[in-house]
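Novice: Sharing a structure here in structure tokens format.
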Amino acid sequence: MSSLRIPLRASARSGTARPSRRGAPGSSGWPFVLPFLVFFGLFLVLPIGYGLWMSFTDSSLTGHGDNTFAGLDNYAEALTDPEVWSSLENTVWFTVLTSVPLVVVALVMALLVHTGMPGQWVWRLSFFAPYLLPVAVVTQVWSLLFQPDLGLLNSMLKAVGIDGIGWLVDEKYAMWSIALLTLWWTVGFNFLLYLAALQAVPDHLYEAAAIDGAGAWRRLWSITLPQLRRTTALIAVLQVLASLKVFDQIYLLTKGGPDNSTKPIIEYIYDTGFANYRLGYASAVSYVFFAIVIILSIAQLKIFSRRED
Numbered sequence: 002m003s004s005l006r007i008p009l010r011a012s013a014r015s016g017t018a019r020p021s022r023r024g025a026p027g028s029s030g031w032p033f034v035l036p037f038l039v040f041f042g043l044f045l046v047l048p049i050g051y052g053l054w055m056s057f058t059d060s061s062l063t064g065h066g067d068n069t070f071a072g073l074d075n076y077a078e079a080l081t082d083p084e085v086w087s088s089l090e091n092t093v094w095f096t097v098l099t100s101v102p103l104v105v106v107a108l109v110m111a112l113l114v115h116t117g118m119p120g121q122w123v124w125r126l127s128f129f130a131p132y133l134l135p136v137a138v139v140t141q142v143w144s145l146l147f148q149p150d151l152g153l154l155n156s157m158l159k160a161v162g163i164d165g166i167g168w169l170v171d172e173k174y175a176m177w178s179i180a181l182l183t184l185w186w187t188v189g190f191n192f193l194l195y196l197a198a199l200q201a202v203p204d205h206l207y208e209a210a211a212i213d214g215a216g217a218w219r220r221l222w223s224i225t226l227p228q229l230r231r232t233t234a235l236i237a238v239l240q241v242l243a244s245l246k247v248f249d250q251i252y253l254l255t256k257g258g259p260d261n262s263t264k265p266i267i268e269y270i271y272d273t274g275f276a277n278y279r280l281g282y283a284s285a286v287s288y289v290f291f292a293i294v295i296i297l298s299i300a301q302l303k304i305f306s307r308r309e310d
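Counting from 2, one number per residue, gives the positions in the sequence shown under this note's numbering.
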């Protein structure tokens, strides 16, 4: 007992406490973080670095030209390739057609449900359920609806005296048709975000406005929409990024047709790399598109941060 008391007394006299190894900052969390860092490095950092190196080479899926350094030739070709610019234009057009409706319609749906309309659980289920469907099912259902002769949409138009529309075979309507499908399919996610944000608005704000005699529209413009500003900014950024990455529903419905009028940049990259076997050039186009997405994202964040100020 005496041998244990001596060091404790010495430490108390000197007034210094030796730090315990268990409490050393930064030493106990590595076992928990290490698995994530390993997978992050293997499946994200390493492919990004390998793709960047490949964009400076003439790598081919067939093995011809591998490791042949091409410098900036692939990037120079990408910037002067008319198919790159036409597919970029289709991607931007699809983003414009879908981003604004997916924000506005989701907000209207959330407001209708939040105001206490009867049968709320039915509306919540019907609005969110399409988002749970896989893309193969969604495109199969809508390809039947878009059928020019036997489709439900053209049958409804003919019932009111309007000629049928070539929803997926006419260049004027093909992108609009895909945007309509995307709106129906994905608006449920934004609806859920808005509904959660509406439930977080403090009730005392509405009570104070009611005492001041504010009507429903005044409460909407002065309380609800300002309180949803951060949610709207988040949804807008996420929606633009998701629309810029569109590929699967277009590939399954039209394969970029008719006459490449709906081909997005991701499909062009896929065709270049896996159909034409030019992996090096496809990587260069990917990094050009990646740079455009980064610039748009930074611009969006700047715009919304200024509004917050």
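From the three backbone atoms N, C-alpha and C, an ideal C-beta is built for every residue, glycine too. The structure presented is a predicted model; accordingly, all values stated were derived computationally and were not measured.
(1) What does the alpha-carbon distance come out to for the pair VAL34 and THR232?
(2) Mapping the DSSP letters down to three states, classify ALA70 as helix, strand or coil.
(3) Could you check the C-alpha separation between LEU253 and SER87 for me, to the nearest Å?
(4) Where ILE49 and LYS173 are concerned, what is the direct C-alpha to C-alpha distance, given to the nearest angstrom?
(5) Thinking C-alpha only, which one of VAL289, THR273, SER244 and PHE291 is nearest ALA283?
(6) In three-state DSSP terms, what is THR116?
(7) Rounded to whole angstroms, what's the CA-CA distance from ILE295 to ALA79? Just pull it up for me.
(8) Less than 8 angstroms between the beta carbons of SER262 and ALA180, yes or no?
(9) Start and end of the alpha helix (DSSP H) containing ASP249?
(10) Using CA atoms only, rank isn't needed, just tell me which of ALA285, ALA292 and ASP213 is closest to LEU242.
(11) Alpha carbon to alpha carbon, how far is GLY16 from GLY30?
(12) Does the separation of the CB atoms of ALA218 and PRO131 fall below 8 angstroms?
(13) Measure the C-alpha to C-alpha separation of PHE275 and MET157 and round it to an integer number of angstroms.
(14) Please confirm whether ILE267 and VAL247 have their CB atoms less than 8 angstroms apart.
(15) Just verifying my parser: in three-state terms, what is the DSSP assignment at THR63?
(16) What is the DSSP secondary structure of LEU297, reduced to helix, strand or coil?
(17) Alpha helix (DSSP H) containing ARG279: first to last residue?
(18) Leaving out five residues before and five after THR63 in sequence, what residues of the same chain have Cβ atoms less than 7 angstroms from its Cβ?
(19) Name the one or two DSSP bridge partners that THR58 has.
(20) Would you mind reading off the limits of the alpha helix (DSSP H) that contains SER178?
(21) Inspect the beta-carbon positions of THR92 and LEU280 and report whether they are closer than 8 angstroms.
(22) Using 10 angstroms around the beta-carbon of TYR269, count the other beta-carbons present and answer buried if the total reaches 16, otherwise exposed.
(23) From LEU151 to ALA107, what distance separates their C-alpha atoms?
(24) Enumerated in chain order, which unbroken segments of the alpha helix (DSSP H) with a length of 4 residues or greater are wholly contained in the segment 95 to 158?
Specialist: Taking the structure as given:
(1) Within the model, the alpha-carbon separation for VAL34 versus THR232 is close to 30 angstroms.
(2) The sequence given here places Phe at residue 70; Ala does not occur at that position. The answer is strand: DSSP assigns PHE70 an E or B state.
(3) So the alpha carbons of these two residues sit roughly 20 angstroms apart.
(4) Approximately 37 angstroms between the Cα atoms of the pair.
(5) Here the closest residue by C-alpha is THR273.
(6) Of the three classes helix, strand and coil, the one that applies to THR116 here is coil, per DSSP.
(7) Each residue's Cα considered, the two are about 18 angstroms apart.
(8) Cβ atoms of SER262 and ALA180: not closer than 8 angstroms.
(9) Where ASP249 is concerned, the enclosing alpha helix (DSSP H) stretches over 249 to 254.
(10) Restricting attention to ALA285, ALA292 and ASP213, the CA atom closest to the CA of LEU242 is found in ALA292.
(11) The predicted model places GLY16 with a pLDDT of 47, which falls under 50 and marks its position as unreliable, so this point remains unresolved.
(12) Per the sequence presented here, residue 218 reads as Trp, with Ala not at that position. With a cutoff of 8 angstroms on beta-carbon distance, TRP218 and PRO131 are scored as not near each other.
(13) Rounded to whole angstroms, the separation of the alpha carbons of MET157 and PHE275 is 41 angstroms.
(14) Yes, the Cβ-Cβ distance between ILE267 and VAL247 is below 8 angstroms.
(15) Reduced to three states, the DSSP call for THR63 is coil.
(16) Helix.
(17) In the DSSP assignment, ARG279 falls outside any alpha helix (DSSP H), carrying neither H nor E.
(18) TYR278, listed in sequence order.
(19) When DSSP reads this structure, THR58 sits in a beta bridge with PHE70.
(20) Following the DSSP letters along the chain, one finds SER178 inside the alpha helix (DSSP H) bounded by residues 175 to 200.
(21) For the pair THR92 and LEU280, the CB atoms are not nearer than the 8 angstroms cut-off.
(22) Looking at its Cβ environment, which holds 16 or more other Cβ atoms inside 10 Å, TYR269 is buried.
(23) One C-alpha to the other measures close to 31 angstroms.
(24) Listed in chain order, they are 121 to 129 and 136 to 146.
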